[in-house]
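K.L.:
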Amino acid sequence: MKAEDYTERHETIDGWPVHIVTYRIGGQYHCTIDNVDPGARFARAEGAKRDDVERTALEKAKRYLAQTRRFPTV
Amino acid sequence: MSVLVSTDWVKEHLTDPKVRIVEVDVDTTSYDQGHVPGAIGWNWTTQLCDTLVRDVIPKKKLEELLGKSGIDNDTTIILYGDNNNWFAAWAFWQLKLYGHQDVRMMDGGRKKWLAEGKELGTEAPNPPQKTYKANDPDNSIRAFLPEVQDAVRSRSAALVDVRSPAEFTGEILAPPGLPETCQRGGHIPGARSMPWAKLANDDGTFKTPAEIKALYDGVGVTGDKPIIAYCRIGERSSHSWFALKYLLGYKNVKNYDGSWTEWGNLVGAPVEKP
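Sequence order for the protein chains is A and B. Note that my numbering has the first sequence beginning at 65, numbered continuously upward. Note that my numbering has the second sequence beginning at 377, numbered continuously upward.
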């Protein structure tokens with residue numbers, strides 16, 4: 065068994081750069097989304113179809129990122 | 377053999393009886409998806425810490441974990457994990473804290489193994505029980521709050537903040553998408569910013585020692601005085617600690633695992649912004 069259909073791409077969600085990795089192991093697709101800086105995985109989804117798992121993971125990512133507050137730095 | 381081993385080296389040593397491969401991920405479900413065949417999985421949230429008091433794994437618990445993992449004092453431990461070996465480095469630091477001699481990291485970690493399409497296993501091995509005898513903690517590689525406070529007052533050590541620039545300036549209190557775990561944003565006065573992720577290439581491997589040295593030289597951290605690295609909870613900084621101590625060879629490098637979740641919650645602690 066190997067990771068197959070392995071893809072990586074960068075996107076921006078609500079101003080936050082994210083890194084999206086999707087691959088299949090056996091019959092299961094896995095999609096993980098991490099914040100580019102620092103690179104912590106904060107959303108993921110698993111399922112039988114690539115499009116479905118990416119959509120689910122992106123929905124979770126948007127929900128979590130909406131809770132991130134920005135503060136003034138001066 | 378270097379403290380970093382390649383994915384190909386690991387592939388050639390999957391059944392080497394002197395070697396035990398261990399996966400430690402930020403995302404603790406990753407191991408169950410598939411892992412390096414024969415690798416043991418350690419959960420950082422339950423197995424690499426004291427689950428009652430905020431602290432590193434207690435000595436007795438470490439001895440039990442290693443024994444149960446088929447590891448004795450002579451075993452070569454190869455650590456790897458997701459996120460450029462983020463938590464593999466956390467495990468590495470704790471193993472060195474308790475004096476394990478031969479511990480190394482698979483350069484590139486889980487990401488590189490998957491991207492290269494190398495074989496994965498799904499079975500969790502059940503190795504024969506071994507007896508492990510840990511040393512008392514070597515606190516020459518660990519900084520506690522009083523030492524950091526003294527370093528701020530006396531400027532006796534170079535403080536390195538390895539969080540993201542937005543955490544360093546106080547624009548955000550935690551990495552985007554993760555819960556806030558501190559009361560104030562900013563950084564420890566005098567700290568230099570060198571985000572941990574800058575030390576890695578896109579494929580998850582470490583940059584060369586020359587490249588890493590140039591990055592640190594650029595922010596004035598040259599190894600001419602003790603270095604204390606910190607982040608939010610001490611794991612990202614264990615990755616930078618590893619690079620400073622084992623790739624650059626700086627002698628006096630400590631990980632402040634209390635990090636910003638300690639400093640940024642202290643009443644009256646000085647904070648620098650941006």
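Glycine included, every Cβ here is placed at the ideal spot set by N, Cα and C.
Go ahead and pull the three-state DSSP assignment for Ala-605 of chain B.
P.N.:
strand
K.L.:
Looking only at its chain, what residues have a beta carbon closer than 8 Å to the beta carbon of Ala-67 of chain A, apart from the 5 residues adjacent to it on each side?
P.N.:
Tyr-87, Arg-88 and Ile-89
K.L.:
If distances are taken between C-alpha atoms only, which option among B:Asp-526, B:Ile-453, B:Tyr-508 and B:Glu-611 comes closest to Lys-444 of chain B?
P.N.:
B:Tyr-508
K.L.:
So, helix, strand or coil for Phe-520 of chain B, using DSSP?
P.N.:
coil
K.L.:
Tell me the residue span of the alpha helix (DSSP H) that contains Arg-114 of chain A.
P.N.:
114-129
K.L.:
Just how far apart, CA to CA, sit Gln-652 of chain B and Met-482 of chain B?
P.N.:
Because residue 652 of chain B is not part of the residues shown, which for chain B are 377 to 650, the question remains open.
K.L.:
Run through chain A and tell me which residues come within less than 7 Å of Gln-409 of chain B, C-beta to C-beta.
P.N.:
Ile-89 and His-94
K.L.:
Between which two residues does the alpha helix (DSSP H) holding Asn-657 of chain B run?
P.N.:
A query on residue 657 of chain B cannot be resolved here, the shown segment of chain B reaching from 377 to 650 and no further.
K.L.:
Count Cβ pairs between the stretch 466-480 of chain B and the stretch 504-520 of chain B that sit closer than 8 Å; are there 3 or more?
P.N.:
As far as the Cβ criterion goes, the stretch 466-480 of chain B touches the stretch 504-520 of chain B, which means the pair count is three or higher.
K.L.:
In whole angstroms, what separates the C-alpha of Glu-72 of chain A from that of Val-643 of chain B?
P.N.:
43 Å
K.L.:
Identify, in the order they occur along the chain, each residue of the same chain with its Cβ nearer than 8 Å to the Cβ of Lys-435 of chain B, setting aside the five sequence neighbours on each side.
P.N.:
Residues Tyr-474, Ala-510, Asp-512 and Pro-513 of the same chain have their beta carbon placed closer than 8 Å to that of Lys-435 of chain B, with the five preceding and five following residues left out of the count.
K.L.:
If you measure from the beta carbon of Arg-148 of chain A to each beta carbon in chain B, is any gap under 8 Å?
P.N.:
This structure cannot speak to residue 148 of chain A, because chain A is shown only from 65 to 138.
K.L.:
Return yes when the Cβ of Val-386 of chain B is within less than 8 Å of the Cβ of Trp-418 of chain B, no when it is not.
P.N.:
no
K.L.:
For chain A, find out if any of its Cβ atoms is closer than 8 Å to the Cβ of Lys-649 of chain B; answer yes or no.
P.N.:
yes
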